[in-house]
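Visitor: Numbered by the UniProt record's numbering, the letters in the sequence shown go through residues 1 to 272 in order. Idealized CB from N, CA, C, for every residue including glycine. Computed from a predicted structure; not experimentally measured.
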Amino acid sequence: MRRDADREERNARLLAGVVLAAMLVMLSGIIHLLYHREYAETDTPNDCFAVSAATGETALPKIVCLTFDDGPSKNTRPILEILDKEQVPATFFVCAQDANEKYLPLVADIAAAGHQIALHSATHQYSKIYASTDAFWQDIRTLRQALEPYVDVAAIDWLRFPGGSTNTVSHRYGGNGIMKALKAQAEDKGYHWIDWNVCAEDATASHPDAAQILRNIRRDADGQDTCVVLLHDTKATGQTVKALPDMIAYFREQGYNFCTVAQMDALQCETK
Ligand SMILES: [Zn+2]
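(1) Out of curiosity, what's the CA-to-CA distance linking Ser-165 and Glu-253?
(2) Given this structure, state the Cα-to-Cα distance separating Trp-158 from Val-94, to the nearest angstrom.
(3) Go ahead and pull the three-state DSSP assignment for Asp-188.
(4) Excluding sequence positions up to five away, which residues of its chain have a Cβ less than 6 Å from the Cβ of Thr-260?
(5) Please determine whether the Cβ atom of Gly-175 lies at a distance below 8 Å from any heavy atom of ligand 1.
(6) For Arg-219, does the count of other Cβ atoms within 10 angstroms reach 16, so buried, or fall short, so exposed?
(7) Quick one: is the Cβ of His-115 within less than 8 Å of any heavy atom of ligand 1?
(8) Which runs of the alpha helix (DSSP H), 4 residues or longer, sit entirely within the segment 206-250?
(9) Expressed to the nearest angstrom, what Euclidean distance is found between the alpha-carbon atoms of Ala-186 and Leu-244?
(10) In the DSSP output, which residue or residues are listed as bridge partners for Cys-65?
(11) Taking one C-beta from the segment 167-175 and one from the segment 124-144 each time, how about it: are there three or more such pairs within less than 8 Å?
(12) Quick check: the Cα distance between Cys-65 and Ala-203, rounded to an integer number of angstroms?
(13) Taking all protein chains shown into account, decide if Ala-205 is buried (16 or more other Cβ within 10 angstroms of its Cβ) or exposed.
(14) Asn-75 and Val-241: beta carbons closer than 9 Å?
(15) Short of 6 Å in beta carbon distance, which residues of its chain neighbour Trp-196, apart from the five on each side in sequence? Order them along the chain.
(16) Can you give the Cα-Cα distance for Ala-249 and Pro-78, rounded to whole angstroms?
(17) State the Cα-Cα distance for the pair Thr-177 and His-232, rounded to the nearest angstrom.
(18) Got a sec, what are the start and stop residues for the beta strand (DSSP E) Ala-118 sits in?
(19) Specify the secondary structure class of Phe-136 as computed by DSSP and reduced to three states.
(20) Starting from Cys-95, follow its DSSP beta bridges and name the residues at the other end.
(21) Please indicate yes or no: does the CB of Phe-92 lie closer than 8 Å to some heavy atom of ligand 1?
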């Protein structure tokens with residue numbers, strides 16, 4: 001009898017627990033709905049949200065992420081000054097090569113200005129980093145150590161694979177499956193990674209001038225609601241600095257909102 005009573009009590013507790021959990025799920029759903037209603041009905045709830053004037057419905061905003069790879073360098077400071085003047089956030093996929101070493105303290109200034117610091121590569125040497133998956137993650141550890149004195153490295157969880165996630169140059173060193181393996185491992189390690197869909201081609205051997213960089217960007221951005229622009233802040237990309245104010249003006253005229261990569265990701269999750 002006692003055992004039956006115990007069982008009944010356990011069952012009753014279990015039922016109460018299930019009911020409570022269901023109520024909590026419903027409550028959180030209602031809060032979520034209200035939250036979205038608020039966003040949909042306010043004019044400027046967030047820089048990245050827009051309400052379509054034509055339909056009155058919430059429209060997905062046009063977003064642009066300016067991303068700078070391979071820095072910091074002597075060109076990073078002028079870039080920061082322009083971004084500050086224009087009040088535009090950006091994302092920096094940094095390296096820690098010999099050429100970067102002198103400028104690494106700038107990483108602290110980049111972060112302090114509210115930009116996103118993300119990982120690219122310590123050495124950026126394809127033959128080394130793509131020799132094996134272990135070699136790749138060792139390079140990332142080296143990069144994190146190099147950044148440690150300047151930023152909260154534990155908070156960095158975005159990376160960009162050198163050459164992009166679909167590069168084939170890695171096959172030469174680490175075999176055909178290396179990128180697939182690295183992407184899976186990145187996910188296991190809690191990293192987000194991102195490529196680009198607008199290429200400024202500012203670090204090519206032809207050394208394009210600012211006007212050409214701008215033309216390249218407009219060519220790729222045409223018709224895209226979300227633009228992730230690949231730029232570089234190395235010592236060789238002075239023309240990128242020169243093109244930057246016009247680039248920002250172009251995206252503004254086209255109605256884009258500027259975000260860091262992490263902000264864009266949060267926004268897209270929010271509106272899914
Ligand atoms: Zn790179």
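Guide: Taking the definition as stated:
(1) 31 Å
(2) 11 Å
(3) helix
(4) Pro-89, Thr-91 and Gln-116
(5) no
(6) exposed
(7) no
(8) 210-221
(9) 31 Å
(10) Val-228
(11) yes
(12) 18 Å
(13) exposed
(14) yes
(15) Val-228 and Leu-230
(16) 17 Å
(17) The question names Thr, yet the displayed sequence has Gly at residue 177. Those two C-alpha atoms are separated by around 28 Å.
(18) 116-121
(19) helix
(20) Ser-121
(21) no
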